[in-house]
Amino acid sequence: MNIFRLAGDMTHLMSVLVLLLKIHTIKSCAGISLKTQELYALVFAARYLDIFTHYYSLYNTVMKLIFLGSSFSILWYMKRHKVVRRSYDKDQDTFRHHFLVLPCLVLALLINEKFTFKEVMWTFSIYLEAVAILPQLVLLQRTRNVDNLTGQYVFLLGAYRGLYIINWIYRYFAEPTYSTHWITWISGLLQTLLYADFFYYYINSVKNNVRLQLPA
Amino acid sequence: HDKTKIKDEL
């Protein structure tokens, strides 16, 4: 475990905590895309099929449980909680997210490292994670005025992806036994690029100390 | 070694 990987995992964890904090304390999910949250829950469910069959480390298992638990509880809050669900921007969150799932599944069936159920599901989760933020970015673009916690949530998610790329480069040079997962690298790079535009406006808003507002 | 076995990242 290197510092970039740990920092990446921690920003990922913080993004989830920021989101849960917003939902749990303010009792609002305004500005949060349910579509993106559904995709993330699917990403974790497909990727962590090995959670009870393969043991890597206590850290690994605990983090997987946290990501699975938090993503499904966010879904529960947004769909079932009687106060939170009323703040959901249903009319704005119209991205057809199901149309992302099928192409990712087909791509995983065609391009994978090994044609087994678990391996295809893992690859599917990598492809789907790369595009899962799209409904959220579209929702931000529509609402334009982004509240602090929502802005921080997306910023932390983007930071997590960026740090993972640095982690792969580090591992490539530092670990002799490390094998390059091209599928992960290319998907991860694409995923990080999706945040570039948002990052530009986010950093500017922090620098100028003004509320984050995306251009029309 | 089989690289598909090493899934130590989250």
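Those protein sequences? They're chains R and E, same order as listed.
Just add 3 to the spot in the first sequence (first one is 1) and you have the working numbering.
Just add 1438 to the spot in the second sequence (first one is 1) and you have the working numbering.
Note that CB positions come from ideal geometry on N, CA and C, so glycine has one too.
Cβ shell of R/L103 (< 6 Å), same chain only, five flanking positions each side left out: V134
Alpha-carbon to alpha-carbon, R/E132 and R/F55: 22 Å
Those residues which DSSP pairs with R/N148 across a bridge: R/Q216
Chain E contact residues for R/F70, given Cβ-Cβ distances below 8 Å: L1448
Cα-Cα separation, R/Q95 to R/D200: 20 Å
R/K117 and R/L52 closer than 8 Å at C-beta: no
Member of R/L113, R/Y59, R/K93 whose CA lies at the smallest distance from the CA of R/V141: R/K93
Of the listed residues R/A177, R/M13, R/N170, R/I136, nearest to R/L196 (C-alpha basis): R/I136
Classification of R/K25 by the beta-carbon crowding that lies within 10 angstroms, buried from 16 upward: buried
CB contact check: R/Y58 to chain E, cutoff 8 Å: no
Residue interval of the alpha helix (DSSP H) (run including R/D200): 199-210
Rounded separation between R/A44 and R/L68 - CA only: 12 Å
Three-state class that DSSP yields for R/M124 in the structure shown: helix
Straight-line Cα distance separating R/S190 from R/T183: 13 Å
Coarse secondary structure for R/H184, derived from DSSP in three states: coil
Any C-beta of chain E under 8 Å from that of R/M13: no
Residue-chain proximity (R/W125, chain E), Cβ-Cβ < 8 Å: yes
Contact check, R/Y130 vs R/H15, beta carbons under 8 Å: no
Rounded separation between R/E41 and R/N63 - CA only: 22 Å
Assigned exposure category for R/R50 - 16 Cβ within 10 Å defines buried: buried
R/C107 in three-state terms, based on DSSP: helix
Proximity winner among R/M66, R/G72, R/S31, R/S74, relative to R/V86 (alpha-carbon distances): R/S31
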